[in-house]
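Peer 1:
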């Protein structure tokens, strides 16, 4: 199973992101938008694990995050970076970045505690709106989003295809304090 740890987003936030995505991608020549149900905040991508490893991971996360307190994070900026055949368009955070980075570090400790190898990557908290985006020209007056989300649990997600469509299925949730 392909696994990652993330934060599931409330429907209200997904609706705002979808609206933002539609406005921004209207001007794109090429794009691969994130599906509405797949909007999430990745904390750490892991990769292929067995069912037994997923169960060990969940236990390790519960232990490691037992004293991690819930917090709020504010989505308020939009950015892009080049990757492969286009840009990745994402929204970032203006408040809560330090705590999101701390959460990432604790999740990494939980993963390493059960001897799962990880790629060493710099963590930048963001929510992906679309991949493979190419703009010929875009409007400068496009809307932004300004929303606060409560980070009160992390989710172990499985990334897989159902009828050819990429789907992120929540397997386990770990509540924060």
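In the working numbering, the protein residues as written are 3 to 179. By construction, the Cβ of each residue, glycine as well, lies at the ideal position given by its N, Cα and C atoms. Only a predicted model underlies this, so the values are computations on that prediction, with no experimental measurement involved.
Looking at the C-beta of residue 36, does it have a partner C-beta in chain D at a distance below 8 Å?
Peer 2: Among the protein chains of the structure shown there is no chain D, as only one such chain exists.
Peer 1: What are the boundary residues of the beta strand (DSSP E) that residue 116 is part of?
Peer 2: Residue numbering aside, residue 116 sits at position 114 when the chain shown is read from its first letter. Segment: none, residue 116 is in no beta strand (DSSP E) and carries neither H nor E.
Peer 1: With residue 155 as the anchor, note down where its alpha helix (DSSP H) starts and where it stops.
Peer 2: On the chain shown, position 153 is the one that residue 155 refers to. It is not in any alpha helix (DSSP H) - residue 155 instead sits in the beta strand (DSSP E) that spans 155-164.
Peer 1: Take every Cβ of the region 126-136, pair it with every Cβ of the region 76-96, and state whether three or more of those distances are shorter than 8 Å.
Peer 2: The region 126-136 vs the region 76-96: in contact.
Peer 1: From the DSSP output, in three-state form, read off residue 147 for me.
Peer 2: By one-based count along the chain shown, residue 147 stands at place 145. Correct three-state label for residue 147: coil.
Peer 1: Along the chain, where does the alpha helix (DSSP H) that runs through residue 58 open and close?
Peer 2: Position 56 of the chain shown, counted from the start, is the residue given in the question as residue 58. That run of the alpha helix (DSSP H) goes 53-66.
Peer 1: Taking Cβ positions, are residue 156 and residue 15 nearer each other than 8 Å?
Peer 2: Taking the first residue of the chain shown as position 1, residue 156 is located at position 154. Taking the first residue of the chain shown as position 1, residue 15 is located at position 13. No; because the gap between Cβ atoms is not below 8 Å, this pair is not in contact.
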